[in-house]
Amino acid sequence: MSERSVSRQRQGKRWYTVLAPEQFDRAELGDTMAEEPEQVVGRTVETTLGEITGDQGQDNVKLTFKITDVGSDAAYTEFIQHELTRDYLRSMVRRGASKIDLHITVRTTDDYRVRVSPVAFTTKKADRSQEQAIRQIMIDLVEQAAEERSFSELIDSVVEGRLSSAIYGEAKTVYPLRRVEVQKLSLEARPEEIAAEEEAAVDVDDDDVAVDE
7 MSERSVSRQR QGKRWYTVLA PEQFDRAELG DTMAEEPEQV VGRTVETTLG
57 EITGDQGQDN VKLTFKITDV GSDAAYTEFI QHELTRDYLR SMVRRGASKI
107 DLHITVRTTD DYRVRVSPVA FTTKKADRSQ EQAIRQIMID LVEQAAEERS
157 FSELIDSVVE GRLSSAIYGE AKTVYPLRRV EVQKLSLEAR PEEIAAEEEA
207 AVDVDDDDVA VDE
């Protein structure tokens, strides 16, 4: 495509600086271009925690944000996913040891539905009962974390490593561990979406009730 064609395509469009949520200090995530502000809403932006913090040691953590609002020259986002890179997870696997993972959906105190996937790596091969015991610890601590925290607080607990440290501290009493991580956390539903689901479920239940005439 010629430079003239590109120039024509960009006529009437403007750039918006994409900003992270306030809990990530409104860090700049990049720029996006559109003719109308509403065209920007719904776009997703992927970055790494290292790019936000300036710490290259955190480049193994991918963060995804979704644009929800647009100002005069800025696009504001919400957090939708935290995920460890595949290369990093592969580097944790050792022959003759166990990888114990879990996927659990929980609700935070402010009614966000979140899917959390912790993973533990043992020093040697654990037996089935030990793996089950470690998974139960994961379930208990993830559920407890959600019951005690808002959505943003739960994200902080995962990003800062506090949830994985809590799991490690308890699970290592079952079997020696090399490392525990939260390999993925993703937003599944917002409070208004959950409210709509529950309202629809109530309507269906009401319709199913038989009425004697």
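Throughout, my numbering is defined as the position within the sequence shown, counted from one, plus 6. Cβ coordinates follow ideal geometry from the N, Cα and C atoms, glycine included.
Is it true that the CB of residue j sits closer than 8 Å to the CB of residue i?
i: Val112; j: Val125; result: no
i: Ile86; j: Val24; result: no
i: Glu84; j: Lys190; result: no
i: Tyr22; j: Ala81; result: yes
i: Leu55; j: Gln62; result: no
i: Ile140; j: Val180; result: yes
i: Pro43; j: Thr128; result: no
i: Leu160; j: Val188; result: no
i: Pro197; j: Asp107; result: no
So is residue i buried or exposed if we call it buried at 16+ other beta carbons inside 10 Å?
i: Thr277; result: Missing from the structure shown is residue 277; the chain here goes from 7 to 219 and no further.
i: Ala201; result: exposed
i: Lys68; result: buried
i: Ala26; result: buried
i: Ser78; result: exposed
i: Ser123; result: buried
i: Val222; result: Outside the displayed span of the chain (7 to 219) sits residue 222, for which this structure offers no information.
i: Glu137; result: buried
i: Ala177; result: buried
i: Ala152; result: buried
i: Val99; result: exposed
Measure the alpha-carbon distance for residue i versus residue j and round it to whole angstroms.
i: Ser163; j: Ser156; result: 10 Å
i: Lys105; j: Gly60; result: 30 Å
i: Val208; j: Arg134; result: 41 Å
i: Ala195; j: Glu203; result: 10 Å
i: Glu34; j: Lys131; result: 44 Å
i: His109; j: Arg20; result: 41 Å
On the DSSP bridge assignment, give the partners of residue i in chain order.
i: Tyr22; result: Thr38
i: Ile106; result: Ala126
i: Val188; result: Pro124
i: Glu52; result: Thr70
i: Ala80; result: Thr23
i: Val112; result: Val120
i: Leu169; result: Answer is none; Leu169 lacks a bridge partner.
Taking CB distances under 8 Å as the criterion, tell me whether residue i reaches chain B.
i: Gln142; result: Among the protein chains of the structure shown there is no chain B, as only one such chain exists.
Check whether the stretch 20-38 touches the stretch 91-105, taking contact to mean three or more Cβ pairs, one atom from each stretch, closer than 8 Å.
no
Validate contact between the stretch 164-179 and the stretch 133-152 using beta carbons, cut 8 Å, 3 pairs:
yes
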